[in-house]
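Numbering (the numbering used here), first residue to last: 313 to 734. Using N, Cα and C, we set each Cβ at its ideal position, and we do this for glycine too. Below is one structure, written out as structure tokens; the observations come after it.
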Ligand code: EPU
């Protein structure tokens, strides 16, 4: 177990570039399994979830190489195995995105029921039901889904509520199915549309034909493509909070400002200043922490405030002048991390599994805290950056899953953070 030793109380200023989006690249790597031609991805973040996906796809018999220009080249020839083991699924829920492409291209796959972050129950029933609609037989035994199909066929899939990876799994499978697939109540997150762009470049006939509808006309085969992964809006939002929280000014580049959408509006509502960078690929963020206003924060599928920013934003609410509320609508259990913030002196009342009230401003105090999951991990680091004295934040492996060189980037902005073993 590694931990961060963090000295708080230093305003962060300077420039930082965000990496490619975790929640786009993992699905693009899976998309490469749809073709025996090379798929080249630029702007791939150096995070451990990518390492896990590489190892999982490598174990299937595919070739994944770093090119000298830094791009990742994936060549998915014949598969040696059509088996995604428990080991992969336990490390990363998104290994389940391999279901659709492996089934569509090879006709069968045995894939473990995924674990991932401990946020709510997070089942995959909607993915499995959708594969059945596309004509697959899917059995569940001893923790594994056994899926097979003698050629998938197009179908009309209507999700009862928005699921990002469920939408993407169907998209990937339907590209090689016979006939037309219509996905209704489809996810609209920017990463989903970035995947549509890659699939189109691979020769798929896929388009968003209405806000919440994606239509796919299956083709017999897809070809290779080269694509630049969209910038990580969640990483950008995390650094925006860091700037506002510490009273510094950070120029955050490498993402499309529009992708922050509702979170940017919420920050402005709190009194945070967001100015577009001249190059158009980011924002300069600053605030006077003493003047932050309380807000009602409610998460929602795109274009709402991203649930992945709920925890990072909460720390800003501890510094606002008055009572703020959080309403988490996506996950049933994504407020657990608040217990660690309370240890640091935050005044947070968890009303129920989805609602909390935060009173501010509070002076946080350095403590030893434990990271429960990825986004909560970034949040505890942010908390330590405004706390008095020294904090010891354990479980940094969770942060490495989704933030590239997080502490190095913060150190570049003036933070005092050290990574240690133990
Ligand atoms: N759900 C079901 N059944 C399903 C699928 C989802 O009940 O078959 C539920 C989930 O339990 C959740 C809700 O539906 O309550 C929405 O989940 P969704 O399927 O949209 O989540 P996901 O696709 O598994 C992705 C991101 C998450 C992000 C969510 C919501 C990836 C790899 N992960 O997960 O990212 O929170 O969308 O935007 O794309 C993170 O990066 O920290 C992270 C957790």
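If you drop the 5 nearest sequence neighbours on each side, which residues of the same chain put their C-beta closer than 7 Å to that of residue i?
i, result
"residue 538", "352"
"residue 543", "330, 332, 333, 566, 567 and 568"
"residue 372", "391, 392 and 393"
For residue i, count neighbouring Cβ atoms within 10 angstroms of its own Cβ and tell me buried if that reaches 16, exposed if not.
i, result
"residue 601", "buried"
"residue 663", "exposed"
"residue 680", "exposed"
"residue 481", "buried"
"residue 730", "exposed"
"residue 457", "buried"
"residue 473", "exposed"
"residue 388", "buried"
"residue 345", "buried"
"residue 675", "exposed"
"residue 483", "buried"
"residue 530", "buried"
Below 6 Å, is the gap between the Cβ of residue i and the nearest heavy atom of the ligand EPU?
i, result
"residue 438", "yes"
"residue 424", "no"
"residue 514", "no"
"residue 557", "no"
"residue 305", "No statement about residue 305 is possible, as the shown extent of the chain runs from 313 to 734 and does not include it."
"residue 642", "yes"
"residue 406", "yes"
"residue 686", "yes"
"residue 619", "yes"
"residue 368", "no"
"residue 646", "no"
"residue 500", "no"
"residue 611", "no"
"residue 475", "yes"
"residue 335", "yes"
"residue 435", "yes"
For residue i and residue j, what's the separation of their Cα atoms in angstroms?
i, j, result
"residue 574", "residue 709", "29 Å"
"residue 319", "residue 701", "6 Å"
"residue 528", "residue 324", "46 Å"
"residue 403", "residue 361", "8 Å"
"residue 630", "residue 673", "6 Å"
"residue 429", "residue 556", "Since pLDDT at residue 429 reaches only 46, below the 50 mark, its modelled position is unreliable, and the value read off the structure follows with that caveat. Whole-angstrom Cα-Cα distance: 27 Å."
"residue 736", "residue 380", "It is not possible to answer for residue 736, since the shown part of the chain is limited to 313 through 734."
"residue 486", "residue 540", "23 Å"
"residue 722", "residue 438", "38 Å"
"residue 586", "residue 553", "11 Å"
"residue 618", "residue 576", "11 Å"
"residue 364", "residue 509", "24 Å"
For residue i, which residues from the same chain have a beta carbon less than 6 Å from its beta carbon, with the 5 sequence-adjacent residues on both sides left out?
i, result
"residue 468", "494"
"residue 368", "400 and 407"
"residue 310", "Given that the chain is displayed from residue 313 to residue 734, the structure contains no residue 310 and the question cannot be resolved."
"residue 449", "460"
"residue 627", "691, 694 and 695"
"residue 499", "474, 476 and 479"
"residue 611", "617, 619, 622, 640, 641 and 642"
"residue 688", "623 and 649"
"residue 734", "none"
Is residue i near the ligand COA, with its Cβ less than 6 Å from a heavy atom?
i, result
"residue 363", "No copy of the ligand COA occurs in the structure displayed; its ligands are the ligand EPU alone."
Apart from the five residues on each side of it in sequence, which residues of its chain come closer than 8 Å, Cβ to Cβ, to residue i?
i, result
"residue 415", "421, 443, 448, 459, 460, 461, 464 and 485"
Let me know the beta strand (DSSP E) ranges lying completely inside the stretch 549-596, each 3 residues or longer, listed in chain order. 561-565 and 585-588
Note down, one range per segment and in chain order, each beta strand (DSSP E) of at least 3 residues found wholly within the stretch 380-407. You should have 384-387.
Contained beta strand (DSSP E) runs [length at least 3] in the stretch 600-648, N- to C-terminal order: Runs of the beta strand (DSSP E) inside the stretch 600-648: 608-610 and 634-639.
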